[in-house]
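Asks:
Residue numbers (our numbering): 393 to 613.
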């Protein structure tokens with residue numbers, strides 16, 4: 393049966409629930425096939441290319457909660473490259489309706505993030521750059537695990553100083569150094585739970601050791 397272009401009312405399984413919709417577009421074998429628009433009773437609209445009743449390829453969705461998505465679909469699920477606007481702004485890759493892969497994530501007034509994203513692991517997971525948008529003026533570049541700084545990374549503070557080294561559970565843990573560009577030296581030490589803990593030394597930018605000693609829980613002994 394050849395494709396027809398007309399308006400039809402039907403029902404189908406949509407995101408796990410059976411909802412009525414009105415469809416305008418190309419119809420074949422009793423289902424949307426080709427370009428068209430679906431209008432759902434809750435206000436959701438799906439516009440794009442359909443195959444066997446489901447969005448496949450490029451499409452635009454306006455959801456009932458105000459979120460707008462434009463990008464690629466596979467069998468009605470966001471999959472591939474796309475852009476989503478709502479309380480969260482996301483531009484990047486999706487897999488089976490979730491953020492997954494490289495992307496840019498913006499929560500207005502809170503954070504800007506560029507890097508690896510995985511919804512199964514609390515969004516920020518992998519390597520990326522995170523700007524906190526707070527009064528401290530800090531941003532972080534490095535490894536993250538389930539949304540927390542973990543692995544190797546660099547935190548730049550609002551005054552221009554920075555910590556570069558090992559992290560665990562969002563705190564400095566392991567070998568690292570704090571650089572003070574306005575003072576002309578850096579501090580090298582091991583850290584535990586955000587505090588200097590172990591043998592450390594202050595080194596000038598020309599290589600001179602200014603001070604060295606043993607630190608326990610952030611205090612020199």
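All C-beta atoms in this analysis are idealised placements derived from N, C-alpha and C, irrespective of residue type, glycine included.
Keep in mind it's a predicted model, so treat the numbers as computed, not measured.
Out of curiosity, what's the CA-to-CA distance linking residue 669 and residue 597?
Replies: An answer regarding residue 669 cannot be provided, because it is not within the stretch 393 to 613 covered by the chain.
Asks: Put residue 476 into one of helix, strand or coil per three-state DSSP.
Replies: It is a strand residue.
Asks: Helix, strand or coil for residue 425, going by three-state DSSP, please let me know.
Replies: Here residue 425 sits in strand by DSSP.
Asks: For residue 529, which residues in the same chain have their Cβ closer than 7 angstroms to its Cβ, ignoring the five residues on either side in sequence?
Replies: These residues qualify, in order along the chain: 550.
Asks: Please go through the region 560 to 589 and give each complete beta strand (DSSP E) segment of 3 or more residues, from N-terminal end onward.
Replies: DSSP runs (the beta strand (DSSP E)) wholly in the region 560 to 589: 563 to 572, 577 to 584.
Asks: Using only alpha-carbon positions, find the residue among 431, 422, 424 that is nearest to residue 413.
Replies: Ranking 431, 422, 424 by Cα distance to residue 413 puts 431 first.
Asks: Nearest to residue 491 by alpha carbon, out of 515, 477, 452, 449?
Replies: If we check each option's Cα against that of residue 491, 515 comes out closest.
Asks: Which of helix, strand or coil does DSSP assign to residue 512?
Replies: Residue 512 falls in the helix class under three-state DSSP.
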